[in-house]
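Numbers given in the numbering used here equal positions in the sequence shown, counted from 1, plus 2.
The beta carbon of each residue, even a glycine, is placed where N, CA and C say it ideally should be.
A quick note: this is a predicted structure, and the numbers were derived from the prediction, not measured.
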Amino acid sequence: MKTKTKRRITAMAMAVMMAVSAFQGTGMEYAVYAAEQDASFVFTGKFPDKYDIKYVIPEDDDALIEKKVQALVAGMTEEEKYTFLGGNGTGDTEGNAGFLKGVPRFGVPMIKMYDGPAGVLYPKDTTNPPQEQMLAATWDETMAEKYGEAVGKENVAIGGAFLLGAQLDIQRAPQFGRTKDQMGEDSYLLSSLADDLTRGMQKNGGIAVMKHYAAFAQNATPGTSTNVKVSEQALHETYLPGFESAIKEGGALGLMSSYNAINGTMASANTYLQQDVLRDMWGYDYFTITDWGGNDGYTLNKGTDIEMPSLSKNNKESTDKQVADGKMTREEADATVDQAVSRILRAYGKGGYLTWVGFDSNGKLNEEQGRTELILPGTNNEALASLYEESNAAVQEVAEQGGVLLKNENNALPLSGEKSVAVVGVNGMTLIPGIGGERSYGAVSAMTSPYEELCKLLGTDKVEGQVYNDLKGTIIPTDNLYTTKDGNTHGAQRTYGTGQSEETGGVVQGQFVSNSVPKYAMEGHEIGEVCQVDEVIDFNTNSKTYVNAEGGNAFPFTSNPAYTWETYLEAPESGEYSIILQSMGARAALAVYEESAEEESGWKSIGSASGASANQGTQYYGSTIPSETGENLSTAAVTLTQGKRYKILLASMNADGEGAGWGGQVQKMPRIENKDMQVGLAWVTPSQKKANVDNAINAAKTNDTVVIFAYAKVSDPKGDDRTAVTLKLSSDQEKMIQDVAKAAHDAGHKAVVVLNNDSAVVMENWINDVDAVLEMYYPGQRGGVATAEILTGAVNPSGKLAYTIPKKDTDTLITYSDELWSQFEADDNWKGDGTGAPAEGPGGMPGFGGGSPNTTTFSEGINTGYRWYDENNVEPQFDFGHGLSYTTFAYSDMKVAESRKNGERVGYDVTFNLKNTGSVAGSEVAQIYLGKATDLPEGIQSSKYQLAGYQKVKNIQPGETRRVTIHISERSLSYWNTNQEKLNIRSDGTKDKWTVAEQERVIYVGAASDDLKMNQTVAVEVDEAQKTVDQAQQELGEVKEQLKELENTSKKELDKVKTELQQTLNTIKQELETAKTQLKDSESGKTNSQAALKQAQDELKRVQEEYEKLKNSQQTATLKKVTQNKPKSKAKKQLQVSWKTQSGASGYEVQYSLKKSMKNAETKTVKGNKTKLTLKKLKSGKTYYIRVRAYKNVKDNTVYGAYSAQKKIKVK
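This is the structure we're talking about:
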């Protein structure tokens, strides 16, 4: 594993508001930077209509970005500023989640936001990578960067800017439905991947928005007001490190707050998280954004910068009310708005969205006068298509590296080409690339099933496939369809238009979902006008590209098709049927009715299905798998009686319409372009269902190995009793495994299970009935290839679990006891300001966001995941870090040496031999764990075992031995000291409470958290010289903060503390001399301590210079008088300003404004010893406030004195 290099994010915001106030107005001027004008864009007085993706160029020149940011903030109107502080609804016809308008007159484009993290949610084809849990299972930082780069490039190509992912939440409870997008249960593993993932996402431009900050570990929606109680230590050691790594090391430009409250304060209003930690401790300079509907009252002054999906609580009216109510002064309110806009624009600049912002030869900001038309994002579908091959290769590699072989007995795997194989299960016959929302649905053209790929690798004559449970069905034949309830004409009556179904809708994970089809008339036809009778309802493209290929008969999208079918199904047998609606490029719905005398219409609905998706009918959102042509599959399960006829109504439209969106907003549903309307009516009859099962059982009996594919859908478990909450597969999936495996074993054959699932699966009912288990998560659009390659040994599995799999449902930290379960209690006394959005969305059991306020106590503290199992001596089914290979490895010859990297005060290198003792090449994730620290302050936790390092050692040949070295960092050897009152101030300016646990620690080397091969004990100690330097560094940091506070105070205020300041600096100097002496007597870590000493000495010199500069600058110019000259015209007036000469000054600045706060002040510069200035073109009848300050040129810097007291004069 690579060593991280900590960096301090430049505090570019320092004094931004002062600088902005000095340049307010339309005539601002700046020094011209040679590199300011991007070579690829030349401003000619007019900006283009679209911001082509070629201009999305990541910018590393922070000084240039800051100049642009300050100029924009100074030049924008108040109305323009507020357009950055909130969205404009839940998106448009391109499927985005929202957008910000930009400032077109200055060349700032509209930016769009697209959902992730598992690929970009977009109506057209984008790449669907594996879920983040599978990425975590690779234990491979290079895979994280490749993953990020693949999704980041596609986001830019479609004209996206904010990619709403990665998700950096720690998995606390495997029952949580959003675990699919978490990267495991360990903060060290998550942190090690988070920075690489972020870096990859932003490598080619764009803005990665990390979510959900923070402690989002159970269901919470805008309607639940879920509150979590978590200790300060657990917050910093478990729930925040992933975000910290993404920001400090990965350069994340955006951060989304979570829906939940943390210790009683909603995340969007939590100043501890959003200001103290994020800004002060970590030095984060970019923006925060609320989750959709997650803003808790007025939060601009609490660290929130962007409110989504629309600006409602942080708008101008709310700000003005804060001022009117005395909660903020007008100056504070203006500065707060400017600060938020600056943070947002700073991210724009880094991500490549200020490329057009520039200055003319006079230093004036380029402006297209009168421009109000928005600059739209450029979408380049050709660029997107050109990425498919590269993206496919990347996501396939992640899937290959992330598959985890959990069990392999009796040489069940790898499969041999000499033996016959049966594939059983719907996900074996059709790939399930992913599941749930906020992801790409992938390119169907890139998807192949594990069955298809096994046929390629082993030969079609060696592989038999049986679906067991058919989700696609077959088109209902015309012989079973009639145009009337009692006639003899076969087929389905088609009429023009739609409108028979009632319009309903809801919200799923921030995306609007329509459950039916609105009223719509095709052009030139009345609704209900007869079109024709179709023999069957089977209209598809005969392609995987959503448009008609040869033989395709789907309805072209160019015709704006909208049809309704009415047909009567005569049941050929009695029993339970699956009536399946196949649809794509459309909003579609069907209903099944039986005759009923009790209903006025004579018909009663007995089942329904909907094909409209979260992305306006363009994805198979509602189905586990798509059809061969990419259709959504939605099933109505109905019980029918042989010989009886049932009415079916089916409506489908590809056209404009409107539906109620988030929070009651009207949301436009677009005409779905580039996707022809496909619609089909299929079924699975009772006899076919039985035949499917019988065929699967027979395949197990007649083939050497049966590979059973099972899957688990994403859902928050429901139930009021802890024993009713389950992580098991559905009962029909478990029965399939048990029955098929038994049939195989009875015939002397082997049974293998392949799992597709989002979180841990409890296997107690079948684990002992099978020979092998391969965990493939939801593996993305190339998962069929990866699965087959691992099964056959073309790829040797090397993934390791990033979460623990329990043996029983009651073996989790929320279900283990009634006491733990009771901590998910309703708290009716706690309430936030109220987030304004409906409570639709994923429901859940009490404590998981069942719709009422609740408080959950994270009583385990830092001991989540495997640490909880260790702490409570609970044996899991498979432990964290577990994963088998087709070869074996031996660990030996462990050595530990003290080694400090990158300024660390303590650290160790652990070196050992890793030998491949098997017969095939393979890769192994070697893991380092620290034993428990016992001598800690009261209230501080330490875990029995704690991951402290790892390395994926790749492609070790049979018999080969590699010498492996893994570093244990100071951070891993430290704890967050909640008992410490003052923050540590580090040399890079960051702050924290990390404290080295100085005592003996055991270091373990192993293949998993429960498979530790070797150990060695070390005495962790920080040497005395280093401690002395630390003390000096702390005091230096405090002095720097004090000097910053004194920058704009008077000489009188400085005089009060200058003696004390100089004494402190002298003390620091003496401490560093002491450290120098101590170093002579120290051998341990001498090089690092010497480097730290040198760094502190240099810093002391700089601080001393800053102090001297401040003393020189604190000479206040005195404003003598302001008088009015004789007017030259009735409308224009002049004022004569004079001041006293200031010794040593290089010149003076005179500032004047119509406001006492000096907002929108004009500034005039007078060079040399002149002490008079005439202010011209003033407004008659207005009162002006005037002040002056001296400045001095010192080497390459300009040092400004404090402003004089104001003088006020009314121009007559």
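Coarse secondary structure for residue i, derived from DSSP in three states
i, result
"N1068", "helix"
"W823", "helix"
"T128", "coil"
"Y1205", "coil"
"G461", "coil"
"D472", "coil"
"V426", "strand"
"W870", "helix"
"Y1186", "strand"
"H747", "helix"
"F882", "coil"
"A219", "coil"
"V1213", "coil"
"H238", "helix"
"A152", "helix"
"D278", "helix"
"Y443", "coil"
"Q513", "Only weak support exists for where Q513 lies, its pLDDT of 37 falling under 50; the coordinates are left without a value."
"L635", "strand"
"G663", "With a pLDDT of 38 at G663, under the threshold of 50, the modelled position of that residue is not reliable, and the figure given next carries that caveat. Here G663 sits in coil by DSSP."
"Y261", "coil"
"Q943", "coil"
"L1218", "Because the chain is modelled from 3 through 1214, residue 1218 falls outside the range shown and cannot be assessed."
"Q371", "coil"
Within 7 Å, strictly: CB atoms of residue i and residue j
i, j, result
"V955", "E926", "yes"
"G380", "I59", "no"
"L571", "I650", "yes"
"E61", "K250", "no"
"R1280", "N429", "Outside the shown range of the chain (3 to 1214) lies residue 1280, about which nothing can therefore be said."
"I627", "T432", "yes"
"G991", "I970", "no"
"N452", "N130", "Note on residue identity: the sequence assigns Pro, not Asn, to residue 452. Their beta carbons are not under 7 Å apart, which means P452 does not touch N130 by this criterion."
"N656", "M586", "no"
"A342", "L87", "yes"
"D811", "T728", "yes"
"L459", "A790", "yes"
"V397", "A698", "no"
"Q680", "F860", "no"
"V1024", "V898", "no"
"N98", "K114", "yes"
"V423", "V469", "no"
"T480", "V535", "no"
"V772", "V755", "yes"
"Y893", "K1015", "yes"
DSSP bridge partner residues for residue i (one or two, in chain order)
i, result
"N1195", "T1200"
"N986", "D994"
"D911", "A899, H969"
"F101", "K114"
"W294", "For W294, which the question treats as bridged, DSSP gives no partner whatsoever."
"H527", "Paired residue(s): none; H527 is not in a bridge."
"E568", "Q495, L651"
Anticipated Cβ contact below 8 Å, residue i with residue j, distance rounded
i, j, result
"S1091", "Q1001", "Contact doesn't hold; Cβ gap of about 20 Å is too wide."
"I529", "Y498", "7 Å"
"P878", "P799", "The pair is not a contact, with the Cβ atoms about 20 Å apart (cut-off 8 Å)."
7 Å Cβ cutoff, residue i in contact with chain B
i, result
"S1182", "Absent from the structure is chain B; it holds one protein chain and no more."
Problem - Segments of 3+ residues assigned as beta strand (DSSP E) that fall wholly inside the stretch 35 to 77 - result: none
Handout entry: Ranges of the beta strand (DSSP E) found wholly within the stretch 1132 to 1175, counting only runs of at least 3
Key = 1134 to 1141, 1149 to 1155, 1164 to 1169
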